[in-house]
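In full-length UniProt numbering, the protein residues as written are 1 to 411.
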């Protein structure tokens, strides 16, 4: 890998982006393949040393399936096909609850240790199997309908046009908590299922989710995405109060989620053009960067207080930076404005300097406000570098094709 950080590659070159995907996957392959218990090993230090052999978390497991499938799509070696099939077998045999249906949240080895079912986890199952099917793994095809059946039966609310969040382990009873994060990733996963199958119902569901979030939830939170709601889908301002480090339910305005929704609205607009989607996407992106961009040290802050607009978590998270790459690339194509391409190039240069490990490979997970690492744990569950890889795929589609239908909307 390239050790020279002062000379940048062309971040908009599809050949560079394909190679960066393969280099990033190579950090965990083949060391992540668990030949003893099956599935994948989830936890690595910076140099690739395994730091937890037994914890298997549903999101981490499915993200490994995703990244190996993505690598196949950009010309990765055939051995990655075996890696995908290896992960799919583990999902079916051990993560799947053979008594009640749905997928267990956490295993130790092959034994479930947290049997709760989360819509967020099922979103990543759907994304993984859809992407595997797109990569030519035929056994993933039937799993698309199976996970959607679980989501429809246990999580979907026709009244709310949104998914609930959490089921108790065995009773299959819903928690009163409702969250945007699961619905955001289900919007993403439904679009992937549509791309994999051509079945319009998946695209319609993605569209319904996007409209529910944008027109029912966003007006409650004053222009930025809020995370937490009660069972009536009214904002809960106190859930996880001040705990910004929750992996799936962090407190505060999370700038990265407004940016991620911007990207998803633009992707939805490719498949289902609607004038409002581009306008909403651009507004979300700009609102997030207005306060969230660190103009002194680079990167994007993590969280802002809903009370007084203070930055309450100034750390830099790898996934926030990665999502800004996909969103800005799409905005460059959809608007024709050079400022978005410049942002993309500048942000990738920042990531190349601070987040990409040019010695061992992969991306660092978390930096402080001064761009310093907190630890030598590069990849705890559920990281797997899914975010950099999926946004490199998005950027390839932009710089090669200028994002399809969006080109008609340049102003």
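The C-beta atom is built at its ideal place from N, Cα and C for all residues, glycine as well.
Because the structure is a prediction, the values reported are computed rather than measured.
Inter-residue spacing [alpha-carbon to alpha-carbon] between residue 398 and residue 333: 7 Å
Residue 355, DSSP secondary structure in three states: coil
Three-state secondary structure (DSSP) of residue 398: helix
C-alpha distance - residue 42 paired with residue 357, whole-angstrom precision: 18 Å
Counted within 10 angstroms of its Cβ, other Cβ atoms place residue 20 as buried (16 or more) or exposed: buried
Contact under 8 Å by Cβ, residue 371 with residue 360: no
Start and end residues, beta strand (DSSP E) containing residue 57: 55-57
Distance CB(residue 202)-CB(residue 182) smaller than 8 Å: no
Of the listed residues 157, 324, 55, 308, nearest to residue 345 (C-alpha basis): 324
Beta carbon of residue 319 nearer than 8 Å to that of residue 387: yes
C-alpha gap between residue 49 and residue 226, whole angstroms: 37 Å
Contact under 8 Å by Cβ, residue 312 with residue 252: yes
Cβ neighbour criterion (16 or more within 10 Å) applied to residue 74: buried
Best match in 288, 316, 335 for proximity to residue 309 [C-alpha to C-alpha]: 288
Bounding residues of the beta strand (DSSP E) (the contiguous stretch that carries residue 107): 106-108
Cα-Cα separation, residue 286 to residue 100: 44 Å
Validate contact between the segment 86-100 and the segment 51-61 using beta carbons, cut 8 Å, 3 pairs: yes
One or two residues paired with residue 316 in a DSSP bridge: 367
Three-state class that DSSP yields for residue 286 in the structure shown: helix
Sheet register partners of residue 178 (DSSP bridge): 229
Beta-carbon proximity of residue 376 to residue 322, cut-off 8 Å: no
Buried versus exposed call for residue 234 [16 or more other C-beta atoms within 10 Å across all chains shown]: exposed
Contacting residues, own chain, Cβ-Cβ under 6 Å from residue 129 (five flanking each side not counted): 140, 143, 144
Assigned exposure category for residue 79 - 16 Cβ within 10 Å defines buried: exposed
Contact set for residue 46: own chain, Cβ-Cβ below 7 Å, skip 5 residues either direction: 357, 360, 376, 378
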